[in-house]
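Reviewing the structure listed below.
There are 2 protein chains.
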Amino acid sequence: MTSGFGLDHLPYGVFSPPGGPPRVGVRVEDDVVDVSGIRPELGAATLNPFMALGRAVWEEVRAEITAAVEVDRLPRHELAGVELHLPIEVGDYVDFYASEHHASNVGRIFRPDQAPLLPNWKHLPVGYHGRAGTVVPSSTGIVRPCGQRKAPNDEAPTFGPTRRLDIEAELGFVVGTPSRLGSRVSTAAFADHTFGVVGLNDWSARDIQAWEYVPLGPFLGKSFATSISHWVTPLAALAAAWVDLPGQDPEPLDYLQVTGPAGLEVDVEVVLNGEVVARPPYSSMYWAPAQMLAHLTVNGASVRTGDLWASGTISGPERGQRGSFLELSWGGREPFVAGGLERTFLEDGDEVTLRYAAPGVLGGRITLGEVTGRILPADLPEA
Amino acid sequence: MTSGFGLDHLPYGVFSPPGGPPRVGVRVEDDVVDVSGIRPELGAATLNPFMALGRAVWEEVRAEITAAVEVDRLPRHELAGVELHLPIEVGDYVDFYASEHHASNVGRIFRPDQAPLLPNWKHLPVGYHGRAGTVVPSSTGIVRPCGQRKAPNDEAPTFGPTRRLDIEAELGFVVGTPSRLGSRVSTAAFADHTFGVVGLNDWSARDIQAWEYVPLGPFLGKSFATSISHWVTPLAALAAAWVDLPGQDPEPLDYLQVTGPAGLEVDVEVVLNGEVVARPPYSSMYWAPAQMLAHLTVNGASVRTGDLWASGTISGPERGQRGSFLELSWGGREPFVAGGLERTFLEDGDEVTLRYAAPGVLGGRITLGEVTGRILPADLPEA
Chain E
1 MTSGFGLDHL PYGVFSPPGG PPRVGVRVED DVVDVSGIRP ELGAATLNPF MALGRAVWEE
61 VRAEITAAVE VDRLPRHELA GVELHLPIEV GDYVDFYASE HHASNVGRIF RPDQAPLLPN
121 WKHLPVGYHG RAGTVVPSST GIVRPCGQRK APNDEAPTFG PTRRLDIEAE LGFVVGTPSR
181 LGSRVSTAAF ADHTFGVVGL NDWSARDIQA WEYVPLGPFL GKSFATSISH WVTPLAALAA
241 AWVDLPGQDP EPLDYLQVTG PAGLEVDVEV VLNGEVVARP PYSSMYWAPA QMLAHLTVNG
301 ASVRTGDLWA SGTISGPERG QRGSFLELSW GGREPFVAGG LERTFLEDGD EVTLRYAAPG
361 VLGGRITLGE VTGRILPADL PEA
Chain P
1 MTSGFGLDHL PYGVFSPPGG PPRVGVRVED DVVDVSGIRP ELGAATLNPF MALGRAVWEE
61 VRAEITAAVE VDRLPRHELA GVELHLPIEV GDYVDFYASE HHASNVGRIF RPDQAPLLPN
121 WKHLPVGYHG RAGTVVPSST GIVRPCGQRK APNDEAPTFG PTRRLDIEAE LGFVVGTPSR
181 LGSRVSTAAF ADHTFGVVGL NDWSARDIQA WEYVPLGPFL GKSFATSISH WVTPLAALAA
241 AWVDLPGQDP EPLDYLQVTG PAGLEVDVEV VLNGEVVARP PYSSMYWAPA QMLAHLTVNG
301 ASVRTGDLWA SGTISGPERG QRGSFLELSW GGREPFVAGG LERTFLEDGD EVTLRYAAPG
361 VLGGRITLGE VTGRILPADL PEA
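Chains as they are written, first to last, in UniProt numbering: chain E, 1 to 383; chain P, 1 to 383.
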């Protein structure tokens with residue numbers, strides 16, 4: 001069986017068995033293995049206490065769990081019979097903008113008369129803080145948000161449900177080991193601080209965002225919800241997935257230098273109502289995860305256990321590799337076909353699932369935790 | 001004695017008595033009254049468990065503490081003999097931009113050829129998420145941050161300590177009662193959700209900010225540190241400080257409507273190395289705190305106990321009322337005099353203190369918790 005959840009993967013999540021309190025489990029095939037007996041910290045309702053123990057313990061525990069699963073020594077529950085929770089308590093949430101293809105597409109759509117990339121883009125991984133308190137686990141329904149929208153030709157803004165609800169297919173990175181305020185995390189220390197990877201959908205209301213975002217960036221166009229997978233893939237399970245970056249020109253400043261393969265081969269699928277509508281390749285990302293963490297902390301900002309940063313929308317060079325509906329429909333002007341219909345942005349009832357696959361350490365493929373969400377109607381009638 | 005910390009104030013903080021663990025205290029004159037015996041939640045190391053109890057309990061406990069302090073029934077420590085801590089565990093931190101004078105000044109300084117306010121500014125309180133994990137208590141030393149800076153005429157960015165380190169004199173508002181994801185907090189429900197007010201200094205590295213902030217907003221130019229006062233003034237102590245807003249034109253959309261006095265009379269002093277260099281009046285702010293909270297949640301985003309939002313720089317219409325050095329020195333081009341010297345941005349060793357005073361409910365004045373910080377040299381030599 002090649003579920004992508006074999007011994008070469010063992011992602012962590014938080015689950016409640018029937019009638020029991022939340023605790024840490026590891027997914028094996030279509031079961032959840034209860035690992036809470038291995039370390040007291042794994043009996044907690046989030047991964048944070050375990051993640052705070054640091055890299056040496058992560059490796060030790062992974063070896064113990066592997067051995068225990070091989071001899072079937074730990075309690076095992078069918079996935080369908082347990083409740084899954086948000087796996088981490090999110091500290092700060094930062095969203096980057098690390099795909100050159102995505103940033104260029106957005107530039108061409110919104111600023112057709114200018115260079116597609118702004119002058120800073122190739123010098124630093126552009127990013128901003130998002131709302132940590134509205135990070136929700138996969139399967140949470142997404143209520144269509146309301147807000148102010150103003151089309152260029154409208155005289156004044158109006159209030160109502162977003163008409164341009166979108167996804168952003170991203171990868172998220174979870175901090176395990178904290179850093180001290182006033183210190184920085186070098187690119188070489190990436191794996192000491194990063195516990196693992198989640199699938200992430202940065203739901204976006206494009207009309208709200210377009211009106212609000214100058215000059216301080218996205219706010220309500222993003223803050224209503226960000227979905228992450230139930231499963232956190234430990235970095236160790238991605239050891240065979242590292243690949244060279246596509247290439248950086250100009251050469252980045254010293255603190256952003258990386259040696260060796262710093263990109264990740266993760267193949268993403270964007271699934272709309274059961275149909276694959278895009279296949280963004282993470283390997284096409286311009287900036288490396290290690291560069292994002294180094295940049296995030298180069299001013300002395302500390303990271304905490306549970307901090308989450310996301311890559312930004314993953315888009316490849318081809319049309320079928322775009323990780324947002326904004327790009328797939330070119331700003332709504334060039335609908336794409338899905339389910340036999342012309343589509344631009346999300347309709348109520350739509351379900352979007354992001355799937356992720358990567359090379360595993362045993363030569364096969366692993367399947368990262370998927371992220372799914374269905375659009376629920378706005379709470380209030382449109383004015 | 002008129003310290004501003006009488007029975008009409010009673011702000012909350014977290015302190016450790018000599019040899020004892022952290023707990024909640026209330027400041028009375030130059031003492032800290034240990035209130036941890038009043039409710040179990042007040043024995044915690046942050047105000048969050050108490051703030052989560054809701055407005056009815058806040059009022060009940062305030063009455064109990066007032067009665068107990070009047071008869072001197074609670075343990076009392078000299079302020080100088082205790083250790084003060086960060087009073088809240090910050091959930092999400094949002095920074096607004098609610099002063100018309102500040103936003104206009106910044107527009108004139110950075111975009112002299114355009115209208116000083118961007119088109120959205122009078123329709124919604126512009127804001128963005130900042131870094132919660134680097135909110136520090138008053139008196140924490142501020143290490144000059146490093147980062148990428150690029151002056152307009154430089155060919156490429158360089159890395160090094162900021163050359164344009166600045167303050168932003170703000171008020172912070174602390175959420176007590178949480179809201180549910182998918183619901184919104186009306187302007188009328190402001191006092192049900194808002195526990196109190198802190199002094200706040202949004203330290204800013206203007207050169208880092210100017211280079212990084214397009215198109216997703218400020219990031220490393222702000223995330224190195226945000227200082228708040230040790231003392232949280234409960235909303236009840238500001239009951240006599242409400243004043244009418246200066247006036248809003250155009251009329252805001254329905255969800256931003258307020259009735260009655262929605263502004264606050266709080267007089268701020270910016271003190272540089274012991275000398276008052278500006279006196280920003282909070283009453284000149286365009287957007288009300290209740291409007292900021294209503295806007296923040298209108299898309300269904302939830303708030304959590306401990307969430308913090310700030311007003312943005314408080315600047316009045318006059319030159320001596322500007323709440324940042326960027327404005328006081330007009331982008332560094334018109335130095336101001338302090339300590340007998342021409343000054344623009346912050347130098348190593350400078351100490352900045354923000355002081356706040358407001359009308360109290362007994363006819364006198366209360367002094368909100370001050371925020372102070374000294375600039376420490378950058379960790380690395382300038383390239």
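Glycine included, every Cβ here is placed at the ideal spot set by N, Cα and C.
Option in the options with minimal Cα separation from residue i
i, options, result
"residue 245(P)", "10(P), 177(P) and 282(P)", "282(P)"
"residue 9(P)", "102(P), 312(P) and 66(P)", "66(P)"
"residue 94(E)", "369(E), 129(E) and 25(E)", "129(E)"
"residue 352(E)", "276(E), 298(E) and 161(E)", "276(E)"
"residue 314(E)", "103(E), 375(E) and 143(E)", "103(E)"
"residue 57(P)", "73(P), 39(P) and 68(P)", "39(P)"
"residue 363(E)", "210(E), 238(E) and 13(E)", "238(E)"
"residue 147(E)", "312(E), 206(E), 62(E) and 343(E)", "206(E)"
"residue 27(P)", "37(P), 46(P) and 7(P)", "7(P)"
Under 8 Å by beta carbon: chain P residues contacting residue i
i, result
"residue 384(E)", "Summary: the structure shown does not reach residue 384(E), with chain E confined to residues 1 through 383, and so no result is reported for it."
"residue 208(E)", "299"
"residue 245(E)", "Near residue 245(E) there are no residues of chain P at all, since even the closest Cβ is about 19 Å away, more than 8 Å."
"residue 53(E)", "Correct list: empty, because the minimum Cβ distance to chain P is about 19 Å."
Residue i, buried or exposed, once every other Cβ within 10 Å from all chains shown has been counted against 16
i, result
"residue 225(P)", "buried"
"residue 254(P)", "exposed"
"residue 337(E)", "exposed"
"residue 140(P)", "buried"
"residue 1(E)", "Per-residue confidence for residue 1(E) stands at a pLDDT of 44, beneath the threshold of 50, marking its modelled position as unreliable; no derived number is given."
"residue 114(E)", "exposed"
"residue 149(E)", "buried"
"residue 256(P)", "buried"
"residue 259(E)", "exposed"
"residue 119(P)", "exposed"
"residue 383(E)", "Low confidence applies here, because residue 383(E) scores a pLDDT of 41, under 50, leaving its location unreliable; read the following figure in that light. Result: exposed."
"residue 249(P)", "exposed"
Neighbour list for residue i in chain P, Cβ cutoff strictly below 7 Å
i, result
"residue 217(E)", "128, 216 and 217"
"residue 356(E)", "Within 7 Å Cβ-Cβ: nothing; residue 356(E) doesn't reach chain P, min ~24 Å."
"residue 145(E)", "299 and 300"
"residue 97(E)", "216"
Residue i versus residue j: straight-line alpha-carbon distance, rounded
i, j, result
"residue 99(P)", "residue 213(P)", "20 Å"
"residue 307(E)", "residue 44(E)", "17 Å"
"residue 70(E)", "residue 286(E)", "39 Å"
"residue 172(E)", "residue 194(E)", "11 Å"
"residue 228(E)", "residue 91(E)", "14 Å"
"residue 304(P)", "residue 135(E)", "13 Å"
"residue 341(P)", "residue 198(P)", "31 Å"
"residue 367(P)", "residue 186(E)", "43 Å"
"residue 230(P)", "residue 5(P)", "13 Å"
"residue 290(P)", "residue 190(P)", "5 Å"
"residue 163(E)", "residue 348(E)", "11 Å"
"residue 216(P)", "residue 111(E)", "15 Å"
"residue 293(E)", "residue 59(P)", "44 Å"
"residue 269(P)", "residue 96(P)", "20 Å"
Chain E residues whose Cβ lies nearer than 8 Å to that of residue i
i, result
"residue 255(P)", "159"
"residue 362(P)", "In chain order: nothing, as chain E lies at least about 37 Å away."
"residue 92(P)", "131, 132 and 133"
Chain-ordered chain E contacts of residue i [CB-CB under 9 Å]
i, result
"residue 120(P)", "148, 150, 157, 211, 212, 213 and 214"
"residue 224(P)", "181, 182, 299, 300 and 301"
Residue i Cβ short of 8 Å to the ligand PLP heavy atom set
i, result
"residue 270(P)", "No copy of the ligand PLP occurs in the structure displayed, which carries no ligand at all."
Partner residues on chain C for residue i, Cβ-Cβ distance less than 9 Å
i, result
"residue 193(P)", "Structure shown: chain C not included; protein chains present are E and P."
Proximal chain E residues relative to residue i, where beta-carbon distance stays under 7 Å
i, result
"residue 123(P)", "148 and 157"
"residue 117(P)", "By Cβ distance, chain E contributes nothing, its closest Cβ being about 10 Å from residue 117(P), past 7 Å."
Under 9 Å from the C-beta of residue i: neighbouring residues of chain P
i, result
"residue 176(E)", "Residues of chain P passing the Cβ test: none, with the nearest at roughly 15 Å."
"residue 379(E)", "182, 183, 184 and 300"
Meets three-Cβ-pair contact criterion under 8 Å: the segment 14 to 22 of chain P and the segment 80 to 92 of chain P: yes
The segment 312 to 323 of chain P contacting the segment 147 to 160 of chain P, beta-carbon criterion three pairs below 8 Å: no
Contact the segment 225 to 245 of chain P vs the segment 256 to 270 of chain P: 3+ CB pairs below 8 Å: yes
Segment contact flag, the segment 123 to 131 of chain P with the segment 350 to 359 of chain P, C-beta cutoff 8 Å, min 3 pairs: no
Segment contact flag, the segment 173 to 187 of chain P with the segment 52 to 61 of chain P, C-beta cutoff 8 Å, min 3 pairs: yes
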